[in-house]
Amino acid sequence: MNDNRRLLRFINSTDNISLFYGNVSYSTPCFDRSFYRNFRTAMLWSDIVTDVLGTVLNLWLLLAILTSAELRLRLRNRLLSSVCIQNLFECLVYLPFSLYMYTVARNEAWTCPETMAINLIFYINEFVSNWNLVLILALAVVTLLGADLFLTRLSRWLSIAVTFGVLLMPWVLSVLVVPPTIFTHTEQILLTRASKNETVCWTRMFDVRKILYVLNIGVPAILIAICLAATVFLSWKKKVRERTGVGEMARQLIGGSNEAEGVLPYVAMTVIIYACDFGLVLNIIRSSYYKDCVTVTLKAAVNILEGFKVLLLPMTFLLFPEIRYRVKKTLELLRPAHRTSGLSISYVREG
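Under my numbering, the first residue of the sequence shown carries the number 1, and numbering increases by one thereafter.
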């Protein structure tokens, strides 16, 4: 009941704004009307730039991988393609819907279906994003252990089934976990705003955010750290064995891959995931965000950084040599062909 009374006071007030899942007044330091207007403008343009550049970048990388028969053979590259598809889902579905909600519909009360839809899309997208990285790092560990060779011994149809099972696993789990969690832990209340004679849908889901962030961020973050540590250790151990010649002999005997897995791309992916998800973690910590201008500005920056994940994460794919080479070849194909000059030289043998 106290929450309802506080919300009614907020809705009927003209001096308050809602930002970062919290209510502050215009008298709060650094939260005058000018700052709020500038913040909304920065968020809007960052989303637009992210949407456009993210679509181009992820589509480009996806086409570069899928149009190469050699790259498609590796399960790791198929997982990287899945990451591109998830990023395109964010750029083509979530971001346009989010821009609509915060621009076109900002002057109108959000309906309960609209609020539920944007929450479902957001949390499903975050779930798939982080669990995709868990699978990529887990596959790196499996590859370094040499256990990926069993895929080469499977029949064609069984190999296809295993591949699709791995690629679709995050999406299937997200559908099985996220909607039931939101539906069972969310309370939607219709309230009437007397000043504008309209009905407002208030969604109370702070507790469900904690549950979903544990599933979307907490558990994947722990597994990512474990897999990354295992990848670094196994990669170091492999290099030590190769210096003694044992690793090369074993590779020739069992028919392993020539390509040594570097750890730099996986480290870069992990750093980006942790940095971008940091802003989401701050959003569920209820503390005094607005005590000074530095805290307010920092929180605004980390929230904007979270949206750049669809740009930063695909760039780490270029740290894989074969993908970087394929992307360069794709660029060369897009360039206009060099025209040969009209001068021709011929040689005539005498005698």
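Heads up, the beta-carbon is just placed ideally off N, CA and C, and yes, glycines get one too. Please read all numbers here as calculations on a predicted model, not as lab measurements.
Cβ pair V166, I121 closer than 9 Å:
Taking the first residue of the sequence shown as 1, we reach residue 166 at position 166. Taking the first residue of the sequence shown as 1, we reach residue 121 at position 121. Result no, Cβ atoms of V166 and I121 do not sit closer than 9 Å.
Tell me, please, whether the region 36-43 touches the region 62-79 by the rule of three or more beta-carbon pairs shorter than 8 Å.
With the cut-off at 8 Å, the region 36-43 and the region 62-79 do not touch.
At a cut of 8 Å, does the region 120-139 reach the region 83-93 through at least three beta carbon pairs?
yes
DSSP three-state label for R204, please.
Here residue 204 refers to the residue found at position 204 when the sequence shown is read from its first residue. In the structure shown, R204 adopts extended strand secondary structure according to DSSP, grouped into three states.
Per-residue burial, R209 [other beta carbons within 10 Å of its own, 16 or more giving buried]:
Against the sequence shown, residue 209 aligns to sequence position 209. Buried is the call here.
Is M116 buried or exposed, if buried means 16 or more other CB atoms sit within 10 Å of its CB?
Here the question's residue 116 lines up with position 116 in the sequence shown. Buried, by the Cβ-count rule.
Can you tell me which residues form a DSSP beta bridge with E242?
Within the sequence shown, numbered from 1, the residue matching residue 242 stands at position 242. Partner(s): none; E242 has no beta bridge.
Under 8 Å by Cβ, that's how I've got L311 and L53 pegged, so tell me the actual separation to the nearest angstrom.
Position 311 of the sequence shown, counted from the start, is the residue given in the question as residue 311. Position 53 of the sequence shown, counted from the start, is the residue given in the question as residue 53. About 6 Å separates the beta carbons of L311 and L53, which is inside the 8 Å limit, making them a contact pair.
Tell me where the alpha helix (DSSP H) around N132 begins and ends.
In the sequence shown, residue 132 corresponds to position 132, counting from 1. From DSSP, the alpha helix (DSSP H) with N132 extends over 112-145.
Identified DSSP bridge partners for E187:
For the purposes of this step, residue 187 is taken as residue 187 along the sequence shown, with counting starting at 1. R204, per the DSSP bridge assignment.
Boundaries (first-last residue) of the alpha helix (DSSP H) holding F89
By 1-based counting over the sequence shown, the position of residue 89 is 89. Looking at the DSSP string, the run of the alpha helix (DSSP H) that includes F89 is 75-89.
With H, G and I counted as helix, E and B as strand and the rest as coil, what does DSSP make of S68?
Locating residue 68 in the sequence shown gives position 68, counting from the first residue. Here S68 sits in coil by DSSP.
On the DSSP letters alone, give me the boundaries of the alpha helix (DSSP H) that V310 sits inside.
The residue you call residue 310 lines up with position 310 of the sequence shown. Here the alpha helix (DSSP H) through V310 covers 309-315.
Tell me, to the nearest whole angstrom, how far the beta carbon of C227 is from that of V162; I am working on the premise that it is less than 8 Å.
On the sequence shown, position 227 is the one that residue 227 refers to. On the sequence shown, position 162 is the one that residue 162 refers to. Their Cβ separation, rounded to whole angstroms, is 19 Å, which puts C227 and V162 out of contact at 8 Å.
A230 versus V142 - alpha carbon distance:
Mapped onto the sequence shown, residue 230 falls at position 230. Mapped onto the sequence shown, residue 142 falls at position 142. A direct Cα-Cα distance of roughly 10 Å separates A230 from V142.
Three-state secondary structure (DSSP) at F320?
Locating residue 320 in the sequence shown gives position 320, counting from the first residue. It is coil, neither helix nor strand.
Since F317 contacts C276 with CB under 8 Å, what's their CB separation in whole angstroms?
As a working note, residue 317 is residue 317 in the sequence shown. As a working note, residue 276 is residue 276 in the sequence shown. For F317 against C276, the beta-carbon gap comes to about 16 Å, at or over 8 Å, which does not count as contact.
Tell whether a beta-carbon distance below 9 Å holds between V302 and F278.
As a working note, residue 302 is residue 302 in the sequence shown. As a working note, residue 278 is residue 278 in the sequence shown. Yes; because the gap between Cβ atoms is below 9 Å, this pair is in contact.
Backbone CA spacing between M269 and P180 [nearest angstrom]:
Counted from its first residue, the sequence shown places residue 269 at position 269. Counted from its first residue, the sequence shown places residue 180 at position 180. So the alpha carbons of these two residues sit roughly 30 Å apart.
For Y100, count the other beta carbons within 10 Å of its own beta carbon; 16 or more makes it buried, fewer makes it exposed. Which is it?
For this step, residue 100 is matched to residue 100 along the sequence shown. The residue in question, Y100, is exposed, as its Cβ has fewer than 16 Cβ neighbours within 10 Å.
Quick check on K328: buried or exposed, where buried means 16 or more other Cβ atoms within 10 Å of its Cβ?
Taking the sequence shown and counting its residues from 1, the one referred to as residue 328 is at position 328. Exposed is the call here.
N- and C-terminal bounds of the alpha helix (DSSP H) containing Y102
For the purposes of this step, residue 102 is identified with residue 102 of the sequence shown, where counting begins at 1. Note, Y102: alpha helix (DSSP H), 95-102.
So, at 7 Å on beta carbons, what are the nonlocal neighbours of L57 in its own chain, with the 5 sequence-adjacent residues on each side left out?
Numbered from its first residue, the sequence shown carries residue 57 at position 57. Here the set comprises L311, P314.
Buried or exposed: which applies to P170, given that a residue is buried once 16 or more other Cβ atoms fall within 10 Å of its Cβ?
Working through the sequence shown from its first residue, we reach residue 170 at position 170. Buried.
Just the C-alpha distance for W236 and E187, rounded to the nearest angstrom, thanks.
Locating residue 236 in the sequence shown gives position 236, counting from the first residue. Locating residue 187 in the sequence shown gives position 187, counting from the first residue. Each residue's alpha carbon lies about 51 Å from the other.
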